[in-house]
Amino acid sequence: MKTKLITLEGYNKLRLEHDYLWKEKRPEVTKIVAWAASLGDRSENADYTFNKRLLRQIDRRVRYLRKLLPDLKIVYYAPEQEGKVFFGAIVEIENDAGDIKTFKIVGPEEIYDEHKDYISIDSPMARALLKKEVDDEAVVSTPQGDKTWYINKITYTKD
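The UniProt record's numbering numbers the first residue of the sequence shown as 1 and each following residue consecutively.
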């Protein structure tokens, strides 16, 4: 089961997506469907078929967001988090080979293609890092075996 935690930034992004789909995109597509339906034979009308499918996709996403948003718990920054890895932390880690990675620990609903530097709180890496401090060692279980990472830096965005 996915964790229902989210950052304020992630929550606002989902809220904006819902509002855009419901108030702008859906009315626009509905007009196109109505226009295409008025042309007659719907079975061979590509505009009607395509936009009707698009309308179903929009409705499905809006229903999902309406069900999801009230259940999410926004996690705000707290000064007590400083120095340890918790939800919302931006963590820089390094392995013995000198490979360095930096990422932010967020809720599973915040993982988007444009945020390749975000990892889910539910991921094995995030679970291994939780409550650790700078210079601590984290052992992450992977399909290739256990991997050891060292924490170089922990920061938080204060929103």
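C-beta: ideal position from N, C-alpha, C; glycine also.
Rounded C-alpha distance that separates residue i from residue j
i: F50; j: T30; result: 12 Å
i: E109; j: N45; result: 36 Å
i: K116; j: A37; result: 41 Å
i: Y156; j: R26; result: 37 Å
i: E114; j: I58; result: 21 Å
i: Y11; j: I74; result: 7 Å
i: H18; j: E24; result: 10 Å
i: A126; j: D146; result: 14 Å
i: L14; j: N95; result: 34 Å
Run of the alpha helix (DSSP H) containing residue i, from where it starts to where it stops
i: V29; result: 26-38
i: K104; result: Element bounds for K104: not the alpha helix (DSSP H) but the beta strand (DSSP E), 100-106.
i: A126; result: 124-129
i: D96; result: First-last for D96: undefined, no H or E at that position.
i: R42; result: Premise fails: R42 is in no alpha helix (DSSP H) and is neither H nor E.
Same chain only: Cβ atoms within 8 Å of residue i, ignoring 5 sequence neighbours per side
i: A128; result: A138, V139, V140, S141, W149
One or two residues paired with residue i in a DSSP bridge
i: I154; result: V91
i: T3; result: Answer is none; T3 lacks a bridge partner.
i: D146; result: S141
i: I74; result: I6
i: E17; result: DSSP lists no partner for E17.
i: E133; result: K84
Exposure label - residue i; buried when at least 16 CB within 10 Å
i: I100; result: exposed
i: G98; result: exposed
i: L5; result: buried
Beta strand (DSSP E) segment containing residue i, residue limits
i: Y118; result: 118-120
i: L142; result: Correcting the residue type first, residue 142 is Thr in the shown sequence and not Leu. Element bounds for T142: 137-142.
7 Å CB neighbourhood of residue i in its chain, flanking five on each side removed
i: D122; result: K2, T3, P108
i: L21; result: I58, R61, V62
Cutoff 6 Å; reference residue i; Cβ partners in own chain excluding five residues on either side
i: K153; result: E92
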